[in-house]
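In what follows, a structure is listed as C-alpha cells, so that the remarks can point back to it.
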Amino acid sequence: MNAEPSRGELFSTLAAPPPRRRSLAVSLLAFGLIGLGLGAALLVARAGRPYRAAPFVTETALTPDEQDPIRVAKRAAQAAGALERMRPRGAYLVIDSYRNRLRLYENGELKHEAVCSTGTGTILRDPRNGREWIFDTPIGERVIERKVKNPVWAKPDWAFIEEGYLPPTNPEERFDPFSLGDYALYLGNGYIIHGTLFQTLLGRRVTHGCIRLGDEDLELIYRNVRIGSRVYLY
Amino acid sequence: MSGLARAFISTSLLAASSALAGDIAPDPGRVATVRLEAGIARTPAVYLLLDPPRRVLEIKARGAVLDSIPLLGIEVVTQQPLLGARATRPATVPAVWTVVDEPSDEHRELIAPVELRPIPKEEEEDAADDVASPAVPAQATPTPTPAPEPAATYRAHLDAGWDLLVCERLPPRGFAGRFVAAVRDGWVRLRGEGEDYPPAVALAMAAEDARRLHHLLRSGTSILVAAGAP
Numbered sequence: 007m008n009a010e011p012s013r014g015e016l017f018s019t020l021a022a023p024p025p026r027r028r029s030l031a032v033s034l035l036a037f038g039l040i041g042l043g044l045g046a047a048l049l050v051a052r053a054g055r056p057y058r059a060a061p062f063v064t065e066t067a068l069t070p071d072e073q074d075p076i077r078v079a080k081r082a083a084q085a086a087g088a089l090e091r092m093r094p095r096g097a098y099l100v101i102d103s104y105r106n107r108l109r110l111y112e113n114g115e116l117k118h119e120a121v122c123s124t125g126t127g128t129i130l131r132d133p134r135n136g137r138e139w140i141f142d143t144p145i146g147e148r149v150i151e152r153k154v155k156n157p158v159w160a161k162p163d164w165a166f167i168e169e170g171y172l173p174p175t176n177p178e179e180r181f182d183p184f185s186l187g188d189y190a191l192y193l194g195n196g197y198i199i200h201g202t203l204f205q206t207l208l209g210r211r212v213t214h215g216c217i218r219l220g221d222e223d224l225e226l227i228y229r230n231v232r233i234g235s236r237v238y239l240y
Numbered sequence: 007m008s009g010l011a012r013a014f015i016s017t018s019l020l021a022a023s024s025a026l027a028g029d030i031a032p033d034p035g036r037v038a039t040v041r042l043e044a045g046i047a048r049t050p051a052v053y054l055l056l057d058p059p060r061r062v063l064e065i066k067a068r069g070a071v072l073d074s075i076p077l078l079g080i081e082v083v084t085q086q087p088l089l090g091a092r093a094t095r096p097a098t099v100p101a102v103w104t105v106v107d108e109p110s111d112e113h114r115e116l117i118a119p120v121e122l123r124p125i126p127k128e129e130e131e132d133a134a135d136d137v138a139s140p141a142v143p144a145q146a147t148p149t150p151t152p153a154p155e156p157a158a159t160y161r162a163h164l165d166a167g168w169d170l171l172v173c174e175r176l177p178p179r180g181f182a183g184r185f186v187a188a189v190r191d192g193w194v195r196l197r198g199e200g201e202d203y204p205p206a207v208a209l210a211m212a213a214e215d216a217r218r219l220h221h222l223l224r225s226g227t228s229i230l231v232a233a234g235a236p
C-alpha cells in the first residue's frame, strides 16, 4: 500500500536543493571563509615586524702587525703567561648561586662539593623611609677576610624590618649567638659563609645574600681555606 | 663536566699554550682574543666568553672557567616586515661587549611591611605564646617562599649597539613560521602594543641555562667575543 507523503514532507523535498548543489554551496562558503581569513591574516601580517634570523657573521679586525706570524707566536706566549699568573692558586671556593652549590678547589683540583643556600633575590622595603635591600648573593671575586669559630651575629636593621619590627636602639638586642652555626667565614660587606639552623632548606635560595652550609661541610671548608683565600661567586 | 676541567681548561688559553709549544700555528684571531681576555681578567669581576665557533658561553673569572653553557644556536635577529630583507652588518671580533642595560628583574618579589612595631618584651612574648600555641617549638623551620624564577627569554642592551637576546628557541626561518609570527606581531601592533628593538645577537640555550645566566647579565658585565678557530 502506498503511503501518501504529508504536506510537510512534500514541502521540504521541494525546498531542499539537490545534494550536489548543496555540497557546491558548502564548498564555496568554506573557500570564501578561508579566503576571507587569509586576506585578513595577510592584512594583519603586513602590520607586523617579526624577527628575521640570519647567521651570526663575524669579521676579524686585526692590524698587519697582529697577523705577523713571528710576533703572533710571541704574543700568544705573553698572553697565556699573563692569564696563567692571574689564575687562582692554593685553596679557593667557587659558589654557583643559581644551583646552590659550593665547590672547594686546591690548585685547580676539585676537592669537595657541597649543597648550600644562597640569596632569594627578593627586595625588602622599609616602610618608614623607602630604603630597600636586595637579597642577592654577590657575584665576582672576593676573599676570606676573617674566620671565626662560634660566631655571634650582630643582626642588621633588615633582620628586624623583615619581621615587621622596629630595629632596636639598644645594640645588646641585636646579638644572636645561634643563627650562624659553629663557624663563619667573612667575605666583606656583611656577606658570610656560615651554618644554619634550618638544614632542610639547604639547596634552596632562601638567604639574605649569605651562603649557608650544613654543619659538616662548613667545618671542612673552615679547616681547608685560609684568610686571603679567594672565593668566586656567580 | 668534571670540576677540574671546568675550573681550568680554557680553550683560548690552551690555544695560546699550544702555539707557545709550537704544536700548531697560532691563530692570530685566537691570540688577539687571549690578549683581550688578559686585560679583562685583571679585574675581580666575573665575565663571559662567547665562543661562536665552539657554540659555548663560558662563565669566567681571572682566566679560569667557572662554568660553561652550551649554545643551541647563535644568530642575528632583526625585526623586519614579512616581505623584504635587510642585510645585517657583520660583528667585528675579537671584541668586548659590555652590558649597559641589564635584563628586567620584574620577577623579584617585594617584601614591604606596612608598618613596624616595637619588639615585644620577653614576658609579653611568652604570655602570647602560652595563649596562642604552647606546643610550637622555638625554632620551627620556616616555610620557604619559592624563589621567583626569571624568564627564560629576555634582552640585555649592549654598548656595541646590539642587544643580546637570550632565548630557548631561535625565530623561525621558514616562510610559514614567519607568516604566523608576522600575524601575531601585527595583531599586537594593531592593538597599539607593539615594540621595536635594536638588532640582537640571539643565543639559544636550554631554559634552565637561560635562567641561570639572567643574574650574570648585570650592567657592566663584560662579554668577550672570541675570534678565530679554536
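Residue numbers (the numbering used here), protein chains in the order written: chain A, 7 to 240; chain B, 7 to 236. Even glycine gets a Cβ: it sits at the ideal position worked out from N, Cα and C. Fair warning: this is a prediction, and the values are worked out from it, not measured in the lab.
Contact set between residue i and chain B, taken where Cβ atoms lie within less than 8 angstroms
i	result
A51/A	L88, F185, A188, V189 and G192
A97/A	Chain B residues near A97/A: none, gap ~12 angstroms exceeds 8 angstroms.
Residue i at chain A interface by Cβ criterion, 8 angstroms
i	result
E81/B	yes
G198/B	no
G226/B	no
E108/B	no
T94/B	yes
E115/B	yes
L63/B	no
V52/B	yes
L222/B	yes
P204/B	no
Within chain D, the residues that residue i reaches when beta carbons sit closer than 8 angstroms
i	result
F62/A	As a matter of chain content, chain D is missing from the structure shown, whose protein chains are A and B.
Same chain, Cβ closer than 6 angstroms to residue i, neighbours up to 5 away in sequence not counted
i	result
Y240/A	I145
E64/B	L55, V71 and S74
T104/B	D165 and S228
A190/A	V154, P157, I198 and H200
R211/A	T124 and T126
Y111/A	Y98
E231/A	Going by the sequence as given, residue 231/A is Val instead of Glu. These residues qualify, in order along the chain: A97 and I150.
A216/B	A158 and V172
L130/A	W139, W164 and E168
Buried or exposed (CB count within 10 angstroms, at least 16 for buried), residue i
i	result
R184/B	buried
S225/B	exposed
P76/B	exposed
A67/A	exposed
A31/A	exposed
K127/B	exposed
A235/B	exposed
Residues near residue i by beta carbon distance below 7 angstroms, same chain, minus five either side
i	result
F184/A	L203
Q86/B	R92
D223/A	A120
L219/B	I75 and V172
Interface partners of residue i on chain A, CB under 8 angstroms
i	result
D73/B	D102 and Y240
CB contact check: residue i to chain B, cutoff 8 angstroms
i	result
Y57/A	yes
A190/A	no
A160/A	no
T213/A	no
Y171/A	yes
Proximity test, residue i beta-carbon vs the ligand ZN heavy atom, cut-off 7 angstroms
i	result
E119/A	No copy of the ligand ZN occurs in the structure displayed, which carries no ligand at all.
Cross-chain neighbours of residue i in chain B, by beta carbon under 7 angstroms
i	result
I167/A	P119 and L122
Beta-carbon neighbours of residue i, restricted to chain B and to distances below 9 angstroms
i	result
E179/A	I125
Under 7 angstroms by beta carbon: chain A residues contacting residue i
i	result
A233/B	T64 and T66
Can you list, in chain order, the residues of the stretch 134 to 146 of chain A whose Cβ is nearer than 8 angstroms to any Cβ on chain B?
R134, I140, D142, I145 and G146
Note down, in chain order, all residues in the stretch 38 to 49 of chain B with a beta-carbon under 8 angstroms from any beta-carbon belonging to chain A.
Within the stretch 38 to 49 of chain B, A38, V40, R41, E43, A44, A47 and R48 place their CB atoms closer than 8 angstroms to a CB of chain A, listed in sequence order.
Along the stretch 30 to 52 of chain A, what residues have a CB closer than 7 angstroms to any CB found in chain B?
A47, V50, A51 and R52
What residues in the stretch 102 to 121 of chain A have a beta carbon less than 8 angstroms from any beta carbon of chain B?
D102, S103, Y104, R105, R109, Y111, G114, E115, L116 and E119
Between the stretch 62 to 80 of chain A and chain B, which residues of the former have CB atoms less than 8 angstroms from a CB of the latter, in chain order?
F62, V63, T64, E65, T66, A67, L68, E72, Q73, P75, V78 and A79
Contact list for the stretch 156 to 180 of chain B against chain A, Cβ threshold 9 angstroms
P156, L171, L176, P177, P178 and R179
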